[in-house]
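Our numbering applies: residue 9 is where the sequence shown begins, and numbers increase by one. In this text, a Cβ means the ideal position worked out from N, Cα and C, and glycines have one as well. To start, the structure itself, in structure tokens.
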Amino acid sequence: MSLLKIARLGHPKIRQEAEPVSAEEMHSEAIQRLIDDMIETMRDAHGVGIAAPQVHVSKRIIAIEVSPENPRYPNQPAVPLMVLFNPTITTHAETTLEGWEGCLSVPDLRGRVPRWTKVNIRAADRRGQAVQLDAEGFFARVIQHEVDHLHGRVFLDRLPDLSTLTNLREYEQFWKH
Ligand code: NI
């Protein structure tokens, strides 16, 4: 396994529509290795999620893992490691909730983003098996953030109020509590 370089805002891949992954590709050695590397890269950067375009690969693959000990998003309910191919939001709650988000591709910034409180997801798991998921709370937020990456969107595009945008240090100092 190896650490991958993270694409930052401004790299064209961050703004591209990612390609769906075929059933054949899902089982390929190259894609399975990419997934291992995405997981290692996410953990190394203390991310709670990562999408393939963030490592310069325009494919619809995301990985999510939330631990309450994560230093970037502490005290969030745990989500065990999960890899999804071609995730689609099928239905969602009508209500939204604002919460702080950052992004490995948008270093050192946080902003308050409204997200649907509950989403239902259809995808394939790492073995290519069809799965359906119900996500709520922070998990729903992370999934919506990562699915956005597959369509060339970042959290900044979702900010209703740019004045909430803050540097990480100032976030820690003024907004964390
Ligand atoms: Ni992100």
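Hey, could you find the ends of the alpha helix (DSSP H) residue i is sitting in?
i	result
HIS100	Not the alpha helix (DSSP H): HIS100 falls in the beta strand (DSSP E), residues 87-100.
ARG16	First-last for ARG16: undefined, no H or E at that position.
Leaving aside the five residues before and after residue i along the sequence, list all residues of the same chain whose C-beta is less than 6 Å from its C-beta, in chain order.
i	result
THR118	Just to set this straight, residue 118 is Arg in the shown sequence, not Thr. So the list reads TRP108, GLY110, THR174 and TYR179, once near-sequence residues are dropped.
ALA53	LEU112
ALA143	VAL127 and ILE151
LEU176	ASP116
By how many angstroms is the C-alpha of residue j removed from the C-alpha of residue i?
i	j	result
GLU102	PRO122	12 Å
ALA60	MET9	16 Å
PRO79	VAL155	23 Å
SER183	ILE129	The question names Ser, yet the displayed sequence has Trp at residue 183. If I take the Cα positions, the gap works out to 31 Å.
Identify the continuous beta strand (DSSP E) that holds residue i and give its terminal residues.
i	result
GLY110	104-111
Here's the rule I'm using: 16 or more other beta-carbon atoms within 10 Å means buried, otherwise exposed. How should residue i be labelled?
i	result
THR49	buried
LEU170	exposed
Looking only at its chain, what residues have a beta carbon closer than 8 Å to the beta carbon of residue i, apart from the 5 residues adjacent to it on each side?
i	result
THR99	VAL127 and ASN128
PRO88	GLU73
PRO95	ARG68, ILE70, ILE129, ARG130, ALA131, ILE151, GLU154, VAL155 and LEU158
Leaving out five residues before and five after residue i in sequence, what residues of the same chain have Cβ atoms less than 7 Å from its Cβ?
i	result
SER113	ILE14, ALA15, ARG16, LEU17, ILE22, GLN62 and VAL162
Open item on the list: Under 8 Å, with one C-beta from each stretch per pair, do the segment 74-83 and the segment 23-38 reach the 3-pair mark?
Closed with: no
Open item on the list: Could you check whether the segment 60-69 touches the segment 14-28, counting it as contact only if at least three pairs of C-beta atoms, one from each stretch, sit closer than 8 Å?
Closed with: yes
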